[in-house]
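Encoded as structure tokens, the structure appears first; notes follow it.
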Amino acid sequence: MKQKERGGLKMKLKLEGIIPAVVTPMKSDFSVDFVQLKDYINWIKSFDGLGGVAVNMDTGEGMHLSRNEKMKILELWVESVSGKFPVLCGLTTRYTKEAIEEAKLFQKIGADAIVIFPIPAYAGQPLPAEIPYRYHKAINDAVDIPLVLFQLQPALSGVFYDEKTLIKLAKIKNVVAIKEASADAFKFVQTLNILRNLDKRISILTGNDDFILESLILGADGALIGFGTLA
């Protein structure tokens, strides 16, 4: 349930349950098929009990969309959903300035939260905690909207955050959740234990399509997955 505080733009958002990373229908010329998208949105809306939807993620071609397409897609989802459930938006940018610009637009359009994808600057190990921290902190300071961390396996251009980095990121003011998609059960449990020991409550959303049930049994609050958009 989302709550807006009248004194400002702050939101308190508890993310849980099944949150599909929704698809983006495309035409043969690789442009977005907005007619099909409207039908698809209505189909998704017909399901009761969703914890939200996440647009412009990998499943939704987020990496391959223009800024204008991303904004139009988000706007259509926000207008169509009309508060029935939260609309999260993937931030698939390459550097800080671009991220801040798009994050501000996401908030202006009405996204309920932003999922922050790893960026190329994370490549290489060891990764100093200050690099992802400064990136997330800059986004946090530019908007007043809940943020979702994204731990993604390196094989998919992601990064595993060590304990120091994870704690530092989780303590950023607007961070409310993490999508954990390491595809590694040990890493998942390790991440869960680190975050559960913090004073701050962080929702843990599995992105591990190959062990969804196991993730929930182990303590995940929900699942933010592409698989959920079809099943």
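This note's numbering puts the first residue of the sequence shown at 1, with every later residue one more than the last. Cβ atoms here follow ideal geometry from the backbone N, Cα and C, with glycine treated the same way.
**Cα-Cα separation between residue 13 and residue 146, rounded to whole angstroms** = Residue numbering aside, residue 13 sits at position 13 when the sequence shown is read from its first letter. Residue numbering aside, residue 146 sits at position 146 when the sequence shown is read from its first letter. Their Cα atoms are separated by approximately 7 Å.
**Prompt:** To which residues of the same chain is residue 106 closer than 6 Å at the C-beta, ignoring the five residues directly before and after it?
**Reply:** For the purposes of this step, residue 106 is taken as the residue at position 106 of the sequence shown. So the qualifying residues of the chain are 89 and 114.
**Item:** Within the segment 78-160, ranges of the alpha helix (DSSP H) (whole runs, at least 4 residues)
**Value:** Complete alpha helix (DSSP H) runs here, min 4: 96-109 and 130-142.
**Asked** Should residue 174 be labelled buried (16 or more other beta-carbon atoms within 10 Å of its own) or exposed?
**Response** On the sequence shown, residue 174 is found 174 positions in, with the first residue counted as 1. Buried.
**Item:** Inter-stretch contact at 8 Å, needing at least 3 Cβ pairs: the segment 21-39 / the segment 70-85
**Value:** Pairwise C-beta distances place the segment 21-39 in contact with the segment 70-85, as three or more of them are shorter than 8 Å.
**Message:** Using only the alpha-carbon positions, how far apart do residue 9 and residue 144 sit?
**Reply:** Counting from 1 along the sequence shown, the entry for residue 9 is found at position 9. Counting from 1 along the sequence shown, the entry for residue 144 is found at position 144. Here the model assigns residue 9 a pLDDT of 38, short of 50, so the residue's position is not dependable and the matter cannot be decided.
**Item:** For residue 69 and residue 212, the rounded distance between their alpha carbons
**Value:** The residue labelled residue 212 in the question sits at position 212 within the sequence shown. The residue labelled residue 69 in the question sits at position 69 within the sequence shown. Answer to the nearest angstrom: the Cα atoms are 31 Å apart.
**Prompt:** Do you know offhand how far residue 64's Cα is from residue 136's?
**Reply:** Counted from its first residue, the sequence shown places residue 64 at position 64. Counted from its first residue, the sequence shown places residue 136 at position 136. C-alpha separation (whole angstroms): 22 Å.
**Asked** Do residue 60 and residue 24 have their C-beta atoms within less than 8 Å of each other?
**Response** Counting from 1 along the sequence shown, the entry for residue 60 is found at position 60. Counting from 1 along the sequence shown, the entry for residue 24 is found at position 24. Yes.
**beta strand (DSSP E) segment containing residue 205, residue limits** = Taking the sequence shown and counting its residues from 1, one reaches residue 205 at position 205. That run of the beta strand (DSSP E) goes 203-206.
**Nearest-angstrom Cβ-Cβ length linking residue 52 and residue 87, presumed shorter than 8 Å** = Within the sequence shown, residue 52 is the residue found at index 52, counting from 1. Within the sequence shown, residue 87 is the residue found at index 87, counting from 1. Indeed they touch by this definition, with Cβ atoms about 7 Å apart.
**Request:** Taking the CB atoms as reference points, tell me whether residue 299 and residue 207 lie closer together than 8 Å.
**Result:** Residue 299 lies beyond the stretch modelled for the chain, which goes from 1 to 231, so this question has no answer here.
**Prompt:** Can you tell which of 196, 183, 152 and 101 has the C-alpha that lies nearest to the C-alpha of residue 120?
**Reply:** Within the sequence shown, numbered from 1, the residue matching residue 120 stands at position 120. Put simply, of 196, 183, 152 and 101 the residue whose alpha carbon is nearest the alpha carbon of residue 120 is 152.
**Request:** Could you have a look at residue 18 and say whether DSSP puts it in helix, strand or coil?
**Result:** The residue given as residue 18 occupies position 18 in the sequence shown. The answer is strand: DSSP assigns residue 18 an E or B state.
**Asked** For residue 49, is the classification buried or exposed, using 16 other Cβ atoms within 10 angstroms of its Cβ as the cut-off for buried?
**Response** Sequence index remark: in the sequence shown, residue 49 carries index 49 (1-based). By the neighbour-count rule (16 or more Cβ atoms within 10 Å), residue 49 is not buried but exposed.
**Asked** In this structure, does DSSP put residue 27 in helix, strand or coil?
**Response** Numbered from 1 along the sequence shown, position 27 holds the residue referred to as residue 27. It is coil, neither helix nor strand.
**Asked** Do residue 200 and residue 177 have their CB atoms nearer than 8 Å?
**Response** Mapped onto the sequence shown, residue 200 falls at position 200. Mapped onto the sequence shown, residue 177 falls at position 177. Using a Cβ distance threshold of 8 Å, residue 200 and residue 177 do not count as a contacting pair.
**Prompt:** Which residue from 214, 19 and 227 puts its Cα closest to that of residue 184?
**Reply:** In the sequence shown, residue 184 corresponds to position 184, counting from 1. That would be 214, whose Cα lies nearest to the Cα of residue 184.
**Request:** Under 8 Å Cβ to Cβ from residue 186, same chain only, skipping five residues before and after it: list those, please.
**Result:** Your numbering for residue 186 matches position 186 in the sequence shown. Nothing listed; no residue qualifies.
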